[in-house]
Structures are given as structure tokens and as C-alpha cells.
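**Q** Residue numbers for the sequence shown, in UniProt numbering: 1 to 330. We put the CB at the ideal spot given by N, CA and C, even for glycine. This is the structure I want to talk about, given as C-alpha cells.
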Amino acid sequence: MLRFTAERFVGMIVTMLLVSLMVFIIMELPPGDYADRYAFRKYSGTGVSVTEADIQAIRVELGLDKPMLLRYFDWIGNIVLHGDFGQAFAFETSVTKVIGDKALLTTAILFGTLIITYLVSIPIGIYAAVKRASFADYGLTTFSYLGLALPNFLLALILLYFANRWFNADIGGLFSAEMKDAPWSLAKAGDLIAHLWLPAIVLAWSAVAYQLQTVRATMSDELNKLSVTAARARGVPETKLLIKYPARLAINPVVSTIGFDVNRIFSELPIVAVVLGLTELGELLLRAYLDLDMYVAGAILLLLTFMIVFMNFISDILLAWLDPRIKLGG
Numbered sequence: 001m002l003r004f005t006a007e008r009f010v011g012m013i014v015t016m017l018l019v020s021l022m023v024f025i026i027m028e029l030p031p032g033d034y035a036d037r038y039a040f041r042k043y044s045g046t047g048v049s050v051t052e053a054d055i056q057a058i059r060v061e062l063g064l065d066k067p068m069l070l071r072y073f074d075w076i077g078n079i080v081l082h083g084d085f086g087q088a089f090a091f092e093t094s095v096t097k098v099i100g101d102k103a104l105l106t107t108a109i110l111f112g113t114l115i116i117t118y119l120v121s122i123p124i125g126i127y128a129a130v131k132r133a134s135f136a137d138y139g140l141t142t143f144s145y146l147g148l149a150l151p152n153f154l155l156a157l158i159l160l161y162f163a164n165r166w167f168n169a170d171i172g173g174l175f176s177a178e179m180k181d182a183p184w185s186l187a188k189a190g191d192l193i194a195h196l197w198l199p200a201i202v203l204a205w206s207a208v209a210y211q212l213q214t215v216r217a218t219m220s221d222e223l224n225k226l227s228v229t230a231a232r233a234r235g236v237p238e239t240k241l242l243i244k245y246p247a248r249l250a251i252n253p254v255v256s257t258i259g260f261d262v263n264r265i266f267s268e269l270p271i272v273a274v275v276l277g278l279t280e281l282g283e284l285l286l287r288a289y290l291d292l293d294m295y296v297a298g299a300i301l302l303l304l305t306f307m308i309v310f311m312n313f314i315s316d317i318l319l320a321w322l323d324p325r326i327k328l329g330g
């Protein structure tokens, strides 16, 4: 297991290095750079003529005149060695200060969504498989189809409407009015948790529906295996039998798609954030691209892709723990 973990860890590091190179290339794809945008904003409408030499001087001042490969090594080296993501040109401060709180809140939404997804879908999917063809099974199946059909942002609009219509409550945002601009403390963290349930439920809606069907299908298949029949014949208690044999293997497909769920959450979060008034990285990423603020955009892309790669690593470790055959197959 230790060797398996080490191999997967090295693979994760190599993947992240390749991803960082791809991210930097994507940062370089838009025509022009921040020097062009800065000169346009500063001198537009002033009647001042801006020459190419003026733009080049700005480029030298910002360190954008160096070859791309050299800038990449400077960028990734500062991140790895110093945790420095570079300068946020449009904000005139460091990238870390610009994305710090937003990255923390995005991560909180992500893990809140994942926790709700698996705490709901796994036990309910197992129950539906055990009670197959029952009224509960049909009801849960109908619920899962509804979850796949109803978009998350529409669910967010429905919840906002009923909250205001019935309870006269504003459930948008991640903080109450008095805590929004307060410094971080235990009280503010508690306020965040109290507001986190809504976006987590909205984003988990379709994932719960999909994973519920996955667990139900795989659990139904495992229940018919000879190993389960043999264990039942030996007199193994039913609850212990379900957990030790079919349930443990039935959740393998769910564990293997953790990275996919993370990617889906990041894809759906920006539009849900607009509906619910959330603070997250999607809007900042779009703004950074429009401003050609490459280090802000690159840091956000790198953090999001790192989270996906890291969760895939966790997925591999969990799969190896749940099913030793995976380690043996290496």
C-alpha cells in the first residue's frame, strides 16, 4: 500500500507540472498582454499618443519582456519555493491577496457539496438496491430522474423564491450582513457553515441523483454474487454481510469518479454563484482574462486543476483501500 501510494503521489506531481505548463501556455494564448491593456486604459481619451516604445517600457517594468519559457520557470519556481503566485497587475497587489478569501470560500463550497453528495447518495442507493422493486425504490428512482432533469441554477431560483415568499428570508450569499466584512474568527467561520448548506445542496442535486443510480445498480449486481450467497449460508449477520461484501465493492464506481464530481462542481459553480450571490473564483477568473491579468488567471486555473488532480489521487488511494485487487493489479 505504501509503494502504491508513493507511485500515485509521484504521478500526481508529474501531472501537476505538465498541467502548470499547459496553464501557462493558455495564459499566453490571448493576443497582447497587460502592458497593452494598461496603456489603453491610462491614455485612452487623453489625446496622448502612445508609441510601441512606451508599451515596451511598461512591459519591461512589469517583467513581461522576458521569453515565455523563462517567465514560466520564474512563475512556477516562485510558487513551489515561496508560495508566491506573482503580481496581480490590475489590483496592484499580490495574487495571493486577491484570490485568498475567494479560494478559501470556493474550497469550502466544494467540500460541502462533496460531503452532502456522498452522505446522501451512498446509503440511499444501498437501501434502494436492498429494497429493489419496492415503493421506496420506485420513489427514489423518480427522485433521481428529477435530479438529472432539473438544472442546478433553476433549483437555486426555486429555493430563493420560496425562502422570500414564505419565510421573508434572504438566503443568498455565504455570510450574514454583520459578518460579511468582519475579520476571520470562529464566529465568522460558524456563520459561513450556517450559510453553506444552500449552495452545497444546490450543487449536489444532480450529483446525488447520478451517484444514487450508480450505487443502486452496482449494489444490485453485487447482491447476486456467489460470495454473498455463501456468506449468508455461513450465517453471517445481514447487516455485517451487506457492509463487508456488496456495499464495499458497490461504492467503487462512486469513489473512482470523485475527480469527475469536482470538475462538474467547478463547471456549475459560476452560474449558481450568480444566482445565489456567492463569492467564488469563477467571476474573478473571467475578469482576469478580460484584463489580460495573466498571473491572476493562471493562479486560479492552477488551483482548480490542482484540486481535481489531488482529488483523483485521493480517489486512487481510497479505491486501493476498498479493493485490494487494485493494488495487486498496480
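Among T106, V23 and V215, which one has its Cα closest to the Cα of T117?
**A** V215
**Q** Can you give me the Cβ contacts of P67 inside the same chain, cut-off strictly under 6 Å, excluding the 5 residues immediately before and after it?
**A** none
**Q** Measuring only the C-alpha atoms, how far is A133 from Q211?
**A** 19 Å
**Q** If you run the structure through DSSP and keep just helix, strand and coil, what is T93?
**A** DSSP places T93 within a strand segment (E or B) once states are collapsed to three.
**Q** Determine the direct distance from the alpha carbon of W321 to that of M311, and round the result to whole angstroms.
**A** Between the C-alpha atoms of M311 and W321 there is a straight-line separation of about 15 Å.
**Q** Is the stretch 294 to 302 close to the stretch 191 to 206, with three or more CB pairs under 8 Å?
**A** Short answer: they don't touch.
**Q** Determine the closest residue to A156 out of D293, L281 and P270, with distance taken between C-alpha atoms.
**A** P270
**Q** Report back the beta-carbon spacing between L203 and E268 to the nearest angstrom; my notes put them in contact at under 8 Å.
**A** So it is a contact: roughly 6 Å between Cβ atoms.
**Q** Per the DSSP calculation, Q87 is bridged to which residue(s)?
**A** S94
**Q** Report the option in W166, K180, A57 and L159 whose CA atom is closest to the CA atom of I201.
**A** L159
**Q** Quick one: what's got a C-beta closer than 8 Å to V272's C-beta in the same chain, skipping five residues either side?
**A** N152, F153, A156, P199, V202, L203 and L278
**Q** If you draw a straight line from the C-alpha of R71 to the C-alpha of G147, how long is it?
**A** 46 Å
**Q** Output needed for A39: all residues of its chain with C-beta closer than 8 Å, excluding positions within five of it in sequence on either side, in chain order.
**A** The residues are V50, D54, I55 and I58.
**Q** Beta-carbon within less than 7 Å of G235's beta-carbon, same chain only, minus the 5 sequence neighbours each way: which residues are those?
**A** When the five nearest sequence neighbours on each side are left out, no beta carbon in the same chain lies closer than 7 Å to the beta carbon of G235.
**Q** Just to confirm my understanding: we take A217, look at its own chain, exclude 5 residues before and 5 after, and list those with CB closer than 6 Å. What are they?
**A** none
**Q** What's the call for D293, buried or exposed, on a 16-neighbour Cβ count within 10 Å?
**A** buried
**Q** Whose C-alpha, out of D323, L304, D291 and L303, is nearest the C-alpha of D36?
**A** D291
**Q** Going by DSSP, what residue range makes up the alpha helix (DSSP H) through Y138?
**A** F135 to A149
**Q** Where does M219 sit, in a helix, a strand or coil, going by DSSP?
**A** helix
**Q** Nearest to L318 by CA position, among L304, S256 and A103, is which residue?
**A** Ranking L304, S256 and A103 by Cα distance to L318 puts S256 first.
**Q** Go ahead and pull the three-state DSSP assignment for P246.
**A** P246 falls in the helix class under three-state DSSP.
**Q** Identify whether G173 lies in helix, strand or coil by the three-state DSSP scheme.
**A** coil
**Q** For L226, does the count of other Cβ atoms within 10 angstroms reach 16, so buried, or fall short, so exposed?
**A** exposed
**Q** Starting from N78, follow the alpha helix (DSSP H) in both directions and report where the run begins and ends.
**A** Looking at the DSSP string, the run of the alpha helix (DSSP H) that includes N78 is M68 to H82.
**Q** Work out the CA separation of I251 and L21 for me, nearest whole Å.
**A** 34 Å
**Q** Compute the distance between the beta-carbons of V95 and Q87, then report whether it is under 8 Å.
**A** Between V95 and Q87, the CB-CB gap stays under 8 Å.
**Q** Here's the rule: buried if 16 or more other CB atoms are within 10 angstroms of the residue's CB, otherwise exposed. What is P246?
**A** buried
**Q** What number of angstroms, rounded off, separates the C-alpha of L186 from the C-alpha of D221?
**A** The straight-line gap separating the alpha-carbon atoms of L186 and D221 is approximately 46 Å.
**Q** Is DSSP giving T113 helix, strand or coil here?
**A** helix
**Q** Distance check for A177 and T107, CA to CA, integer angstroms please.
**A** Answer to the nearest angstrom: the Cα atoms are 22 Å apart.
**Q** Give the range of the alpha helix (DSSP H) segment to which S315 is assigned.
**A** M294 to L322
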